[in-house]
Amino acid sequence: MPCAADWLNNPFSVVQGIFAQNVPNSDWEKKVTEYFKEKLKENNATNWVPSLNDVPVHYLKPNSLVKFRCMVQDMFDPEFYMGVYETVDPNTNARVLHFGKYRDVAECGPQQEIDLNSSHTVTSERQTFYCVPVPGESAWVKEISFLAELVLSCVALNPRFYAYISASQARVSPSTSYTPSRHKRSYEEDEDMDLHPSKQKEQHMGTGGDIHGCAEPKRLETEASAGHHLISPNCSPPLDLNFPLPGEKGPACLVKVYESWDSFKVNDVLEVYGILSVDPVLSIINSEESRAVPLLPDSSALDPMECMDAAEEQRVHSPPASLVPRIHVILAQKLQHINPLLPACLNEEESKTCEFISNFMSELSPVRAELLGFLTHALLGDSLAAEYLILHLISTVYARRDVLPLGKFTVNLSGCPRNSIFTEHIYRIIQQLVPASYRLQMTIENMNHSRFNPHKDYAANRLVSGVLQLASNTSLVVDETQLEQGQLDTTGVHNVTALGNLITWQKVDYDFSYHQMEFPCNINVLITSEGRSLLPSDCQVHLQPQIIPPNMEEYMSSLLTAVLPSVLNKFRIYLSLSRLLDYSISDEVTKAVEEDFVEMRKNDPESVTADDLHRTLLVARFLSLSAGQTTLSRERWLRAKQLEVLRKARLQQQRCVNGNEL
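In terms of the UniProt record's numbering, the sequence shown has 214 at position 214, counting the first letter as 1, and numbering is strictly consecutive.
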């Protein structure tokens, strides 16, 4: 059996051992999964596995075990591959069985050939997800995750973060999911050297002058660093990595899933553990495929436009492995959250999780009070606005009744200074508190030129991302103070409509040309505006500054620098944990609320509506959860009513001052 470290650095040796012991039984696949599942349950074992979120691809050993925290941006068509295949030595006629699972390229010895007609060949199916880093993931999430892994790796003296030194070159072999009609090892490489002499120079320097033997990692590093602008020798356009948000960085990956892929869907946030594949042979094979449209059946009869579409699809679905690595999944799980300060799965049956929750709950009240004070200072001394901001930050869609999402709590923070750095700094503060966020500046140019709704590109057979393709529980801050007078074109009108649908129904319409498909979402939307927002909201809170700092930039910047990192971490745990708590209302309290509402209607039938009841119940819900209470008490109900009275009185006062603006 392989040594203990092999399951990290050389998982194929583990798979090979299990395969050899269990063939021809089909149980070997289940045993592989169970083996790695047990290994990852060991103390801190998940932190020993290097993450593509933290470590550049060129520093990771090919065919090693890696993990990736990602969002499913698109799902490609299922593909067939050789799950088990047989090789034969033409000289001795010796036959050997191999596994094709977790591989892109078939393993084949120097004197061996694959017997495609073997009776032992097993054709299997796998699903490919196109995954990107979680859109808008905060920098502190990456930093804390990386530091935790770095500390543990240093303690364990694990060498996985060092550059991989390749001692031998792999023989070009047919892909397990595609068999080329001819085998060429070096023609494309020689052609590439002719077109890029600098590469040839670098390789010679690496093999001749580098005494450490790091030529291969340097080549991979060069490819990876130029990845966003990679142009192939045949002058095809640079590959778009299809990130939903502009300016996003990080690797996109083709994630090959072998089991239970029906349980995952687009926009799910996953953490996958699998075998990293960056084999350069993939680029050679795929380069042949992209130029080999005639490999398609009856290709001579194809329309030229269809040939172009097929080539574009091949280019998008099979990008260079150095730019878009492959991960062959052994284990995958949906994530409840991406806060690295919390246990990955808040399962109350686990003793460690129960202990963590109970310990934090014991100090929840002072943390809430400290956060309220911090946000009050950020909102220029307005404690009421700070209360509602806390309720907004812990809100989440907990259920859907027909088409109505329950639990959404979009807040319109009006009264913000126009064209001020105030809203920018409010976003920076939110960014430091939540795991994922994005600030959408609502300018005429952005509305007219941005792509909000994802749409299907049938030529490339892929889903082209849009700004609103976000993971659950992302905080979206819409800055309406940037809006100037101007004309919205058709795109702008569609984008405003898309924002309205997101806020009202918590859904995004994906454009499939011939029809629209609704994708439910769970996005926290905060709208900052000068007057009442043009967009719908669940609750409008008008800002009433109690202090006017002489230097707004200096004042807002000093807020974050004055907070200790340990205090910030408590705020982050508090907000994430409060959002994940269960909540219920007893029959007794429900009856008391109903009676109270009837009395309110009697006293003021014109101004108290069903919407007011719904909003007050929401405020009471999040007020209870913010205090660590999972049931509604009479005290919290009265406090929710009090907050609503104060909020409405402020709006009425502002309406009297400014006429009908609010």
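Quick reminder that beta carbons are idealized off the backbone N, C-alpha and C, glycines included. In this text the structure is predicted, and so the values were computed from the model without any measurement.
task = Would you grab the beta carbon distance between V329 and G274 for me? Rounded to a whole angstrom, and I think it's under 8 angstroms.
result = 4 angstroms
ask   = Given that a residue counts as buried once 16 or more other Cβ atoms are within 10 Å of its Cβ, and exposed if not, what is G373?
value = exposed
request  = Can you say whether R185 is buried or exposed, counting buried as having 16 or more other CB atoms within 10 angstroms of its CB?
outcome  = With a pLDDT of only 35 at R185, under the threshold of 50, the placement of this residue in the model should not be trusted, and no figure is reported.
message = Measuring only the C-alpha atoms, how far is G83 from V15?
response = 13 angstroms
Identity of the residues DSSP links to G274 by a beta bridge = V66, V329
ask   = Secondary structure at F622, three-state DSSP: helix, strand or coil?
value = helix
message = Relative to the C-alpha of I503, which candidate in P244, Q652, S537, V598 has its C-alpha closest?
response = S537
query = So which of T491, A20, T561 has the shortest CA-CA distance to Q432?
reply = T561
ask   = Just checking, does the segment 585-603 make contact with the segment 394-404 on the three C-beta pairs under 8 angstroms criterion?
value = no
Residue interval of the alpha helix (DSSP H) (run including E86) = Element bounds for E86: not the alpha helix (DSSP H) but the beta strand (DSSP E), 79-88.
query = Considering only residues of the segment 354-434, which uninterrupted alpha helix (DSSP H) runs meet the minimum length of 4 residues and lie entirely inside it, listed in chain order?
reply = Counting whole runs of 4 or more residues, the segment 354-434 contains the alpha helix (DSSP H) stretches 364-378, 383-393, 422-433.
query = For the 8 angstroms Cβ check, are there 3 or more pairs between the segment 362-382 and the segment 470-487?
reply = no
query = Skipping 5 residues on each side, what residues in its chain have a beta carbon closer than 6 angstroms to that of R160?
reply = Model confidence at R160 stands at a pLDDT of 44, short of 50, so the residue's coordinates are unreliable and nothing is read from them.
request  = Leaving out five residues on either side along the sequence, give the residues of the same chain with a beta carbon under 8 angstroms from the beta carbon of G486.
outcome  = I444
inquiry  = I'd like to check one pair, K408 with Q506: are the Cβ atoms closer than 9 angstroms?
reply    = Yes, Cβ-Cβ distance for Q506 and K408 is below 9 angstroms.
task = Return the Cβ separation of residue 672 and L276 in integer angstroms, given the expectation that the two are a contact with Cβ distance under 8 angstroms.
result = With the chain running from 1 to 662 in the structure shown, residue 672 is simply not present.
ask   = Can you round the beta-carbon distance between L559 and N524 to whole angstroms, since I take them to be within the 8 angstroms contact cut?
value = The pair is not a contact, with the Cβ atoms about 21 angstroms apart (cut-off 8 angstroms).
task = State the DSSP-derived secondary structure class of D262, mapped to helix, strand or coil.
result = helix
ask   = From the DSSP output, which residues share a beta bridge with M71?
value = V132, V269
message = Just to confirm, is the Cβ distance from S576 to N339 under 9 angstroms?
response = Yes. Within cutoff.
ask   = If M556 and H392 are in contact, beta carbons under 8 angstroms, what's the gap, nearest whole angstrom?
value = Wrong, their Cβ atoms sit about 19 angstroms apart, outside the cutoff.
task = Within its chain, find whatever has a CB closer than 7 angstroms to the CB of V619; leave out the 5 residues flanking it on each side and keep chain order.
result = Here V619 has L391, A640, L643, E644 as same chain residues with Cβ atoms under 7 angstroms from its own Cβ, once five neighbours each way along the sequence are excluded.
task = Just the C-alpha distance for residue 669 and Y81, rounded to the nearest angstrom, thanks.
result = This structure cannot speak to residue 669, because the chain is shown only from 1 to 662.
inquiry  = Let me check one thing: in DSSP terms, what residues is N524 bridge-paired to?
reply    = DSSP output for N524 lists S475 as bridge partner(s).
key: Proximity below 9 angstroms, CB of L646 to CB of L384   = In contact: L646 and L384 (Cβ atoms closer than 9 angstroms).
query = Any idea if R95 is buried or exposed, counting beta-carbon neighbours within 10 angstroms, 16 or more meaning buried?
reply = exposed
ask   = Does C108 come within less than 9 angstroms of chain B when only Cβ atoms are used?
value = This model lacks chain B altogether, as it is built from one protein chain only.
message = If contact is defined by three or more beta carbon pairs under 8 angstroms, each pair taking one atom from either stretch, is the segment 85-95 in contact with the segment 107-122?
response = yes
Option in P320, Q333, P325 with minimal Cα separation from F264 = Checked all of P320, Q333, P325; the closest Cα to F264 is Q333.
key: 8 angstroms CB neighbourhood of V464 in its chain, flanking five on each side removed   = N242, R451, P454, H455, K456, D457
query = Could you give the distance in angstroms between the alpha-carbon of T630 and the alpha-carbon of C539?
reply = Spanning the alpha carbons of T630 and C539 requires a straight line of approximately 23 angstroms.
key: Near the ligand PLP: F76 beta-carbon under 8 angstroms from a heavy atom   = Annotation note on the ligand PLP: not contained in the displayed structure, which lists no ligands.
task = Have a look at I143 and S586 and give me their C-alpha separation to the nearest angstrom.
result = Before going on, a small fix: residue 143 reads as Glu here, not Ile. Each residue's Cα considered, the two are about 42 angstroms apart.
request  = Let me know the secondary structure DSSP gives R451 once reduced to three states.
outcome  = coil
query = Near P135, what residues of its chain come up, given a Cβ to Cβ distance below 8 angstroms and the 5 sequence neighbours on each side ignored?
reply = M71, F243, P244, L245, E248, A436, Y438, Q469, L470, A471, T474
request  = Let me know if G500 comes out buried or exposed under the rule of 16 or more other beta-carbons within 10 Å of its beta-carbon.
outcome  = exposed
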